[in-house]
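The sequence shown begins at 1 in the UniProt record's numbering and counts up by one.
See below for the structure under consideration.
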Amino acid sequence: MEAWLNAARMAAGVNMVLLLVLGSIWLRNYRQHGARHTLGLLVFAVLLLVQNGLWLYFYVLHPDFIGWFVNSGTDVQVGVTMLCGLELIALVFLTRITWL
Numbered sequence: 001m002e003a004w005l006n007a008a009r010m011a012a013g014v015n016m017v018l019l020l021v022l023g024s025i026w027l028r029n030y031r032q033h034g035a036r037h038t039l040g041l042l043v044f045a046v047l048l049l050v051q052n053g054l055w056l057y058f059y060v061l062h063p064d065f066i067g068w069f070v071n072s073g074t075d076v077q078v079g080v081t082m083l084c085g086l087e088l089i090a091l092v093f094l095t096r097i098t099w100l
């Protein structure tokens, strides 16, 4: 079903935007304070950014993966989409508490 694929694409794209926002905040804070904890958060953001970029590549540009996703069962489609969705919820929460 194309709707689940579009939802996964959207979640991965929004995740990347949120990770860029968080990464820029944490980079600025690391430059100001040099705290190891902030460096850890920055590395976390970069790794998740790479992960979501790879997901977005598969969701948008990889025809074999798109074909597999569309032809798989609804349970697989929902499960894979929920992984990006749960990450989105976590990143929205993290962005909210970081921004304030």
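A virtual CB, placed ideally from N, CA and C, is assigned to each residue, including glycine.
Please read all numbers here as calculations on a predicted model, not as lab measurements.
Among residues of its own chain, excluding the 5 on either side of leucine 39, which ones have a beta-carbon nearer than 6 Å to its beta-carbon?
As a position in the sequence shown, residue 39 is number 39, starting the count at 1. Cβ neighbours of leucine 39 beyond the five flanking positions: Tyr30.
For the alpha helix (DSSP H) that contains residue 107, what are its first and last residues?
Because the chain here runs from 1 to 100, residue 107 falls outside it and cannot be looked at.
Under the three-state reduction of DSSP, which class applies to histidine 62: helix, strand or coil?
Start at 1 with the first residue of the sequence shown, and residue 62 comes out as number 62. DSSP places histidine 62 in coil when its eight states are reduced to three.
Count the other CB atoms, across all protein chains shown, that sit within 10 Å of the CB of tyrosine 59; report buried if there are 16 or more and exposed otherwise.
Mapped onto the sequence shown, residue 59 falls at position 59. Tyrosine 59 is buried by the Cβ-count criterion.
With a threshold of 6 Å on Cβ separation, who are the neighbours of glycine 85 within its own chain once the five nearest residues in sequence on each side are excluded?
As a position in the sequence shown, residue 85 is number 85, starting the count at 1. Counting only Cβ-Cβ distances below 6 Å, and skipping sequence neighbours, we find Ala11.
Would the stretch 65-82 count as touching the stretch 32-46 if we require 3 or more Cβ pairs under 8 Å?
Contact between the stretch 65-82 and the stretch 32-46 is absent, because fewer than three Cβ pairs lie under 8 Å.
Give me the residue from Leu5, Glu2, Val21 with the minimum Cα distance to tryptophan 99.
The residue you call residue 99 lines up with position 99 of the sequence shown. Among Leu5, Glu2, Val21, the Cα nearest to that of tryptophan 99 is on Val21.
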